[in-house]
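Number of protein chains: 2
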Amino acid sequence: METEQEACGLHEDELSTWLALVGVLIKLPAALDEQLQRDAGMNHFEYLAMLALYRNEGHRKRMSELAVLTNGSLSRLSQVISRLEKRGWVRRTPDPTDGRCTLAVLTDAGLAKLLDTLPGNTEAIRRLVFAPLKKVQARQLREISHRIIRAIDPSIPDRKLGIGSDC
Amino acid sequence: METEQEACGLHEDELSTWLALVGVLIKLPAALDEQLQRDAGMNHFEYLAMLALYRNEGHRKRMSELAVLTNGSLSRLSQVISRLEKRGWVRRTPDPTDGRCTLAVLTDAGLAKLLDTLPGNTEAIRRLVFAPLKKVQARQLREISHRIIRAIDPSIPDRKLGIGSDC
DNA sequence: GAACTTTGCTTGACGATTTAAGTGACCGGG
DNA sequence: CCCGGTCACTTAAATCGTCAAGCAAAGTTC
């Protein structure tokens, strides 16, 4: 007999795992975006871009490098930086060493805003991800995430995952 | 001394776990959307909506219930169903038992399209999620996902996670 | 050093999503 | 009944993201 699970092409245990993961993929970004939007008037991508600038010497970074760090397209980043510029949190400046490149720089106001926003976001991450997990589960989650990311993009070495890579 | 990690407000091991998870949250939906867009000309939300219809008796479901199953807003679903209607894969019909409600129904063409699309999507999920994980890691992932989802929305009982709940 | 290619970024048109307002259908008390 | 309130859904406007040109600086070839 064909079970419901087979109707999806996944076995029973795979299916329930997959549905749970889909829930996380949809709800966790939404929850974090909502927290940032409510408390700081920015979305998660804008926050990640500012955080990545903050974590670089001179609080600046080339657009193209910043796009990689934030997992976004260059065109998306360009428009986001324009938005952040309008709010006075970031400014653009030409790269003195290569006229083609543009550097995004965190302003003083942007730094203040980021430092103001950080604790709330950190608290949300702790509350939604780490608090409900046992220590060992957090370690398992890291290993699992690494494996999935490598399956999606085998070219990424372990150490080059995200904003932390430059630190 | 203040480490880079503390600058983010997360401890070193939390930070690397978080960055890896962010990578999955961004890249996995993008990879699945890309596969569905390329092979079937639809996005993941449209696919989930059709799959949820398929997995119900009569291949039909009220809009509001379908919205919950697909983790989406009612307005989003309404527009997605309109798109699917234009392609002839779904049709709307009034609920005979309550004039306020609308039932979305999978058409024969929609059923055929879904059955045509299923194997490719299943293969992608297997390749990107289950193949790189050991069996025990897949079980860990399910438990971890459940815990995170409950932290986000404590009102959801374990058995009510996603499309599978009705089967 | 002129012509071509490549690189880095920006822009505009388009599609998708959210938000808020609007439209009927039901429901419950007078 | 019928009138306010709620419910299910739709629609319009604004926002956000992607894709495809476009442009200017840097590099490459002859």
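Here the protein sequences come in this chain order: Y and S.
Just so we're aligned, residue 1 is where the first sequence starts under our numbering, counting upward by one.
Just so we're aligned, residue 1001 is where the second sequence starts under our numbering, counting upward by one.
Beta carbons are placed, not taken as given, at the ideal position from N, Cα and C, and that holds for glycine.
Straight-line Cα distance separating residue j from residue i
i         : j         : result
Gly41/Y   : Ala131/Y  : 25 Å
Asn1088/S : Met50/Y   : According to the sequence shown, residue 1088/S is Gly rather than Asn. Computed Cα separation, rounded: 44 Å.
Ile125/Y  : Thr70/Y   : 17 Å
Leu66/Y   : Leu77/Y   : 8 Å
Asp166/Y  : Thr1102/S : In this prediction, Asp166/Y has a pLDDT of 37, which is less than 50 and means its spatial position is unreliable; what the coordinates show is noted afterwards. C-alpha separation (whole angstroms): 52 Å.
Ala20/Y   : Leu28/Y   : 12 Å
Asp1033/S : Asn1043/S : 5 Å
Leu53/Y   : Leu128/Y  : 25 Å
Pro94/Y   : Tyr47/Y   : 23 Å
Pro1154/S : Ala31/Y   : 13 Å
Arg1100/S : Arg1060/S : 16 Å
Asp98/Y   : Ser1075/S : 47 Å
Arg1092/S : Leu1036/S : 24 Å
Trp1018/S : Gln1140/S : 17 Å
Ser73/Y   : Lys86/Y   : 20 Å
Ile1152/S : Ile152/Y  : 26 Å
Glu120/Y  : Gly1058/S : One detail in the question is off: residue 120/Y reads as Gly in this sequence, not Glu. Approximately 46 Å, taken between the alpha carbons.
Gln1137/S : Glu12/Y   : 16 Å
Glu1006/S : Pro1096/S : Summary for Glu1006/S: the model assigns pLDDT 48, below 50, so the residue's position carries little reliability; its value from the coordinates is reported in the next sentence. Their backbone Cα atoms lie some 59 Å apart in a straight line.
Three-state secondary structure (DSSP) of residue i
i         : result
Leu1010/S : coil
Arg1062/S : strand
Lys27/Y   : helix
Ser165/Y  : In this predicted model, Ser165/Y has a pLDDT of only 41, less than 50, meaning its place in the structure is not dependable; the value taken from the coordinates is given anyway. Of the three classes helix, strand and coil, the one that applies to Ser165/Y here is helix, per DSSP.
Leu69/Y   : helix
Asp1153/S : coil
Trp1018/S : helix
Leu53/Y   : helix
Arg38/Y   : helix
Leu1133/S : coil
Arg1076/S : helix
Arg139/Y  : helix
Arg87/Y   : coil
Met1001/S : Reliability fails at Met1001/S, whose pLDDT of 38 lies under 50, so the model's placement of it is uncertain and the value that follows must be treated cautiously. The answer is coil: DSSP assigns Met1001/S none of H, G, I, E or B.
Cβ distance (whole Å) where residue i is taken to contact residue j below 8 Å
i         : j         : result
Val24/Y   : Ile1026/S : That pair is no contact at about 13 Å.
Leu1010/S : Thr122/Y  : 6 Å
Val90/Y   : Val105/Y  : 7 Å
Leu1133/S : Arg38/Y   : That belief does not hold up - the Cβ atoms of Leu1133/S and Arg38/Y are roughly 35 Å apart, past 8 Å.
Ser82/Y   : Arg1142/S : Contact doesn't hold; Cβ gap of about 42 Å is too wide.
Residue nearest to residue i in terms of C-alpha spacing, selected from the options
i         : options                                       : result
Asn1056/S : Val1080/S, Arg1083/S and Leu1111/S            : Leu1111/S
Val1080/S : Asp1095/S, Met1063/S, Pro1094/S and Pro1096/S : Met1063/S
Glu14/Y   : Ser1155/S, Leu1106/S, Lys1135/S and Ile1144/S : Lys1135/S
Val22/Y   : Arg1083/S, Ile1144/S and Ser1155/S            : Ile1144/S
Asp108/Y  : Pro96/Y, Leu84/Y and Pro119/Y                 : Leu84/Y
Phe45/Y   : Arg139/Y, Leu114/Y and Glu12/Y                : Leu114/Y
Residue i CB to nearest heavy atom of the ligand GDP below 8 Å
i       : result
Ser78/Y : In the structure shown, the ligand GDP is absent, as is every other ligand, since no ligand is present at all.
Quiz prompt | Complete runs of the alpha helix (DSSP H) confined to the segment 1091–1130 of chain S [at least 4 residues] | solution = 1108–1125
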